[in-house]
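Numbering (the working numbering), first residue to last: 17 to 184.
Here is the structure we will look at, set down as structure tokens.
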Amino acid sequence: MRILSGRFKGRSIKTVSTTSYRPTQSRIRKSLFDILGPLDGLSFLDLYSGSGIIGFEAASRGAADITFVENDYISFRLLHENAEKFDKNIFSLIKNNVLNFLNTRNKYDIIFADPPYACKELPELVKLGCEHIAPSGTFILETKTGVKLPEATDVRKYGDTQLNFWKI
């Protein structure tokens, strides 16, 4: 998988087919970052990070501070391996349960969450995610299409994938 745009355009991100995460497809990533626009100087929180492709793409597009939160041991090791390819001064890698992390942390300009499709905690995730958005920030939740959630500001569908946006 490759970074699509920005200062790290074309840089390869390693993925592993034996883990439980599913990397966000390139066409969905392109749409996501087209919607978000410039990220210069913003803080970016990547929840359920997997390989880290979303956070690394955000860094490539100018985000100044990227925090990755991943609880799966194999995915977390992969995330560390991928981070080695970049200037690590802007990255924080945290191995923790996402909801536990959100119960104790600061606000972010952009929060992106891509939980497993079988996640039963989506309403709590939306609540906590929205509580941790900085003023003028955005919380984005990637789900399978048709999942019922608290009313979002915007919803975009891409086949069986749906991006849900909440803006403060």
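Note that CB positions come from ideal geometry on N, CA and C, so glycine has one too.
Assigned exposure category for residue i - 16 Cβ within 10 Å defines buried
i	result
residue 83	buried
residue 113	exposed
residue 159	buried
residue 162	exposed
residue 69	buried
residue 71	buried
residue 64	buried
residue 77	buried
residue 130	buried
residue 99	buried
residue 91	buried
Close-in-space but distant-in-sequence residues of the same chain around residue i (CB under 8 Å, 5 per side omitted)
i	result
residue 171	178, 179, 180, 181
residue 150	59, 123, 124, 125, 184
residue 144	115, 118, 119
As assigned by DSSP and simplified to three states, the class of residue i
i	result
residue 84	strand
residue 98	helix
residue 111	strand
residue 179	strand
residue 163	coil
residue 64	coil
residue 153	strand
residue 126	strand
Beta-carbon contacts of residue i that lie in its chain and below 7 Å, excluding the five residues immediately before and after
i	result
residue 106	75, 80, 81, 82
residue 96	109
residue 168	180, 181, 182
residue 137	115
Host alpha helix (DSSP H) of residue i (start-end)
i	result
residue 48	42–52
residue 70	69–76
residue 143	138–147
Contacting residues, own chain, Cβ-Cβ under 6 Å from residue i (five flanking each side not counted)
i	result
residue 27	19
residue 62	70, 71, 84, 128
residue 174	44
In DSSP terms, what residue i is bridged to
i	result
residue 171	180
residue 18	28
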